[in-house]
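Per my numbering, residue 1279 is the first one in the sequence shown, and the count goes up by one each step. We treat Cβ as the ideally placed atom computed from N, Cα and C, and that holds for glycine. Okay, structure first, notes after.
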Amino acid sequence: PARYFDTKTTEPISFFLTGLEELLSWQPNSNDDFNVSAVPLAKRQPPLLSRRPRTLVCHDMRGGYLEDRFIQGSATRNPYVFYHWRYIDIFVYFSHHTVTIPPVVWTNAAHRNSVPVLGTFITEWTDGEKLCEAFLAGGEEVYGAVAEQLARIAQHYRFDGWLVNIENTLSAAAVRNLPLFLRDLTARVHSAVPGGLVIWYDSVLMDGTLKWQNELNDENRMFFDACDGLFTNYNWKEEQLERTQRLAGPRQNDVYVGVDVFARGDVIGGGFDTVKSLRLIRQYGLSAAIFAPGWVYEHLGKENFLQNENRFWGSLAQYLPTHSICTLPLTTSFCLGMGTSTFLDGKDEDSGPWYDLSAQDIQPLYPEHQGTLSTSCCLQDAWCGGSSLQLQGTIPPGEERVAVRLFSLQMPAPPKLFLNLLYKLEGPQPDDFTVALEVTTWDSGICFEGNPTSLPEPNGRYHPRFLPAPPPSLAKLLAACHRGSHGWTSRCYELELQDCSLRDLSVIVSRQQPSPQETSFTCLLGEVRVLDSASVGASPPQVHSVTASQLWWQ
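Pasting the structure below:
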């Protein structure tokens, strides 16, 4: 069927639903198995609903369902990817179809990086009025059926909820039922999807007129009260932030103030001035909804996209609270889910462009220190997948090392950690440098390395012990410790801790000899693994009852 499979290639594709009839008649069937997310939402610290401002990204690009609709990837050159997951809390996939089911590749990539994904339920123009009249004015039975279907769809495809966007006027009967519908939808999503969310877009008012308020006020508050949050329109002024903060009270983090990166209309700042809007929003302790950050790709072009993307998110980083990884194992090759080649064990196995966000790895922080350090993605060389992480910087005169924070962690340290690092030093004198991992722990008087007779490290910095070869129990898994190949160096480490809590994982680049001059370095990171040695020895569960269907021999 054309809804589920591309008519030209027969490959499975992601899809949307149009109109009330398609929504109400939707049932899961065997053709849509490919659309079910295979990656559970990874845990994070602090949890999403902690008392701190959040960041929502609303992805709206040329109508949606572009190359990202190909569930098993495509040979797309210079595709759009998003990878600053550590800096955001919620990802919304937006299009103008009635029911936007997020393409499963986005859900997989976001979930792997602890970010929930919302689809969009939208009605607009005169068709939207008719649709709303049909399901809202019809009473509890009809709007209950719509709410039930939306909750079932999110549960079946394993994404995390809905942005609801009613952009048309409503009759008195329809608007009377709207808060009841929102309340019902929110309750059903909460019960069907763990951690599920329903967010309302600032559009119609309590009297049914379509009039964007750019704030939370008494005209739209009953919709905010009926669900998990409000996403405001973009043309606000500072006094509206002040009023919103006052009215939201303890729920100020549930108001996502809209920022259009394309800067349409009368806005404080978009593009590379988005930071002006964000700074103001944070002054009032409110959450932010960054709309269409694909501006970087669409407006500045595909050629220097990765460079421009790092510049854009780097400019906002100070106003984006990050979230930490809180489970092991942590393993990543830094792959973006795209490439100009496919690498395996450092070797270019297959030249040619590819794009598959489901193959995107856990993404690190992307720290920038003006002038001394930059972190970027390198497509020209990788250990595994399509890209590696490139660290470029200088070690200042008189100093011996520079630390690059890759991941923030927040979890109890197991008694024994194994760590594995694959790297490649580039530049004229790679032998002038050494590269190693550093683990920091949260301050605690009871945290020790090794045995209780050793003293706690000042400021909780630990340098794991280098292992020339992996211990026998891990030999098979970490065969890589023996081999770097194609210019890559592999290092294994071990760290024993007692009563500690992990805080950061960093890479340390040091010079071999102290020097009065500053020294520049370029280092590619190909893979990092942090494993709890106790759980690694256990055998993985056996897979049973594998079936194959719909085979196509070519």
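What does the alpha-carbon distance come out to for the pair C1801 and L1703?
Taking the straight line from one Cα to the other gives about 5 Å.
Between the alpha carbons of S1768 and S1602, how many angstroms are there, rounded?
Taking the straight line joining both Cα atoms gives about 26 Å.
Are there 16 or more other CB atoms within 10 angstroms of the CB of G1351, so buried, or fewer, so exposed?
It counts as buried.
So T1385 and R1340 are in contact, right, with Cβ under 8 Å, and what is the actual spacing, rounded?
About 20 Å separates the two Cβ atoms, so there is no contact after all.
Is it right to say W1632 is buried, meaning 16 or more other beta carbons lie within 10 angstroms of its own, or is it exposed?
It is buried - the Cβ of W1632 has at least 16 other Cβ atoms within 10 Å.
I'd like the list of long-range same chain contacts for G1417, defined as Cβ closer than 8 Å, with 5 residues on each side in sequence excluded.
Correct list, in chain order: N1455.
Mind checking Q1658: buried by the 16 CB within 10 Å criterion, or exposed?
Counting Cβ neighbours within 10 Å, Q1658 comes out exposed, since fewer than 16 surround it.
Using 8 Å as the cut-off, can you tell me whether the region 1387-1398 makes contact with the region 1582-1589, which would need three or more C-beta pairs spanning the two stretches below that distance?
Cβ pair count under 8 Å is below three, so no.
Compute the beta-carbon to beta-carbon distance between V1471 and L1460, rounded to the nearest angstrom, for a pair I have assumed lies under 8 Å.
That belief does not hold up - the Cβ atoms of V1471 and L1460 are roughly 16 Å apart, past 8 Å.
Drop a sphere of 10 angstroms on the beta-carbon of T1731, count the other beta-carbons inside from all chains shown, and report buried for 16 or more, exposed for fewer.
For T1731, the predicted structure reports a pLDDT of 48, less than 50, and the residue's modelled location is therefore unreliable. A value from the coordinates is still provided. So T1731 counts as exposed.
Per DSSP, which residues does A1660 bridge with? Please list them.
In the DSSP output, where bridge partners are listed per residue, A1660 has none listed.
Rounding to the nearest angstrom, what Cα-Cα distance links L1733 and P1690 in this structure?
Unreliable placement is indicated for L1733, whose pLDDT of 49 sits below 50; the coordinate value is still reported in the next sentence. Whole-angstrom Cα-Cα distance: 19 Å.
Considering just the uninterrupted stretch of the alpha helix (DSSP H) at Q1670, what are its terminal residues?
Looking at the DSSP string, Q1670 is not in any alpha helix (DSSP H); the run it does join, the beta strand (DSSP E), is S1666 to I1673.
How is D1462 classed by DSSP in three states: helix, strand or coil?
Helix.
With DSSP run on the structure shown, which of helix, strand or coil describes V1314?
Three-state result, V1314: coil.
From L1494 to V1682, what distance separates their C-alpha atoms?
Their backbone Cα atoms lie some 41 Å apart in a straight line.
What is the C-beta distance between L1667 and F1612, in whole angstroms, given that I count them as a contact (C-beta under 8 Å)?
Confirmed, Cβ separation roughly 4 Å.
Opposite Y1371 in the DSSP bridges: which residues?
According to DSSP, which records beta bridges pairwise, Y1371 is partnered with H1337.
Pull the bridge partners of S1779 from the DSSP assignment, please.
Beta-bridge pairing links S1779 to P1690.
If you draw a straight line from the alpha carbon of R1529 to that of A1429, how long is it in whole angstroms?
Approximately 24 Å between the Cα atoms of the pair.
Quick check for students: name the residue ranges of the beta strand (DSSP E) that lie wholly in the region 1344-1389, counting only runs of 3 or more.
If we require 3 residues or more, the beta strand (DSSP E) runs fully inside the region 1344-1389 come out as 1368-1371.
Starting from K1625, trace the alpha helix (DSSP H) in both directions and tell me its first and last residue.
It is not in any alpha helix (DSSP H) - K1625 instead sits in the beta strand (DSSP E) that spans K1625 to Y1633.
Nearest-angstrom Cα distance between A1465 and A1451?
Roughly 22 Å between the two C-alpha positions.
Which of helix, strand or coil does DSSP assign to R1332?
R1332 falls in the coil class under three-state DSSP.
Which value, in whole angstroms, describes the spacing of the CA atoms of L1809 and H1362?
When rounded, the distance between both Cα atoms is 24 Å.
Return helix, strand or coil for P1730, following the three-state DSSP convention.
For P1730, the predicted model reports a pLDDT of 46, less than 50, meaning its position is unreliable; a value from the coordinates is still stated below. Residue state, collapsed to three classes: coil.
Give the straight-line distance between the Cα atoms of N1309 and Y1365, rounded to the nearest whole angstrom.
If I take the Cα positions, the gap works out to 35 Å.
Is the Cβ-Cβ distance between P1394 and G1439 less than 9 Å?
Contact flag set, yes.
State buried or exposed for E1805, treating a residue as buried only when at least 16 other CB atoms are found within 10 Å of its CB.
Result: buried.
Starting from I1559, trace the alpha helix (DSSP H) in both directions and tell me its first and last residue.
Its alpha helix (DSSP H) spans residues T1552 to Q1561.
Quick one: what does DSSP say E1678 is sitting in, helix, strand or coil?
Looking at E1678 - three-state DSSP - the assignment turns out to be coil, as it is neither helix nor strand.
At which residues does the beta strand (DSSP E) containing Y1534 begin and terminate?
It spans V1533 to D1538 - the beta strand (DSSP E) in which Y1534 sits, taken as one unbroken run.
Got a sec? Which residues, its chain only, sit under 6 Å from T1618 by beta carbon, not counting five neighbours each side?
Closer than 6 Å at the Cβ level, and outside the excluded window around T1618, lie P1631 and L1657.
Does V1377 come within less than 9 Å of chain D when only Cβ atoms are used?
Going by chain labels, chain D is absent from the structure shown, which holds only one protein chain.
Over the uninterrupted alpha helix (DSSP H) stretch that includes Y1435, give me the two end residues.
E1418 to Y1435 is the span of the alpha helix (DSSP H), which, as asked, contains Y1435.
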